[in-house]
Structures are given as structure tokens and as C-alpha cells.
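Report on the structure given below.
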Amino acid sequence: MTDEHGQVAFLDRFENMSPGLRAVAVIVLLFLVFTILLPEVFFQNKIFLPPDTRAPMSFAAVGKEALKEGTYPLWNPYIFCGMP
Numbered sequence: 002m003t004d005e006h007g008q009v010a011f012l013d014r015f016e017n018m019s020p021g022l023r024a025v026a027v028i029v030l031l032f033l034v035f036t037i038l039l040p041e042v043f044f045q046n047k048i049f050l051p052p053d054t055r056a057p058m059s060f061a062a063v064g065k066e067a068l069k070e071g072t073y074p075l076w077n078p079y080i081f082c083g084m085p
């Protein structure tokens, strides 16, 4: 398929590629998109932590305090009016 200037459309060129070359092109394209949208991950060694991974970090202060007092921490009084 050609446009008004006689040039082959980009998608037609993509369809005519071999499957291996097409896979490499898709991987490179995805890498470029992710690099542009998420530069912190690629250039600053940062990672994204979901909230469920970070939530136990708030218990560290309560746990350390309880261990200093000689008790095993079973309850965090600072979350939802207390939470095991």
C-alpha cells in the first residue's frame, strides 16, 4: 500500500519483515518507550515498590520499641486503631 507520494506505509514495511526481525524491532521499540517514560528505573537504579511491600516498614519502629522493652510485638497500635 502506498500513499499519495508513492511511499510504502510504515505498517506495510513492518508486515513484510521476517518474524525474527519483527520481534527484535518490537523489543527495541518497547525498550525505547520504557526508557523514555521511566528514566529513573534505567538511569538512577530506582525500583517501584507496591504499597503492600512498603507497608510493613512502618511496623519496624513499633517492633524495635517493643523488643527494647523486652516484649514480642504482636500489635501495632498506630494503624486502624490497632492491628495485629
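Be aware that the sequence shown starts at 2, since it is given in the numbering used here, and climbs by one per residue. Heads up, the beta-carbon is just placed ideally off N, CA and C, and yes, glycines get one too.
Problem - Whole-number beta carbon distance between P52 and G64, since they are thought to touch under 8 Å - result: Rounded to whole angstroms, the Cβ separation of G64 and P52 is 19 Å, and the two are not in contact under 8 Å.
Practice task
Locate the alpha helix (DSSP H) running through L22, then write down its first and last residues.
Solution key: P20 to L38
Practice task
Give every residue of the same chain whose Cβ lies closer than 6 Å to the Cβ of L50, excluding the five residues on either side of it in the sequence, and list them in chain order.
Solution key: Cβ within range, chain order: n/a, list empty.
Problem - N77 versus A10, S59 and E16, residue with shortest Cα-Cα distance - result: In terms of CA proximity to N77, S59 leads the group A10, S59 and E16.
Practice task
Could you name the residues of the same chain whose beta carbon sits closer than 6 Å to that of A91, not counting the 5 residues immediately before and after it, in chain order?
Solution key: This structure gives no information on residue 91, because the portion of the chain shown stretches from 2 to 85.
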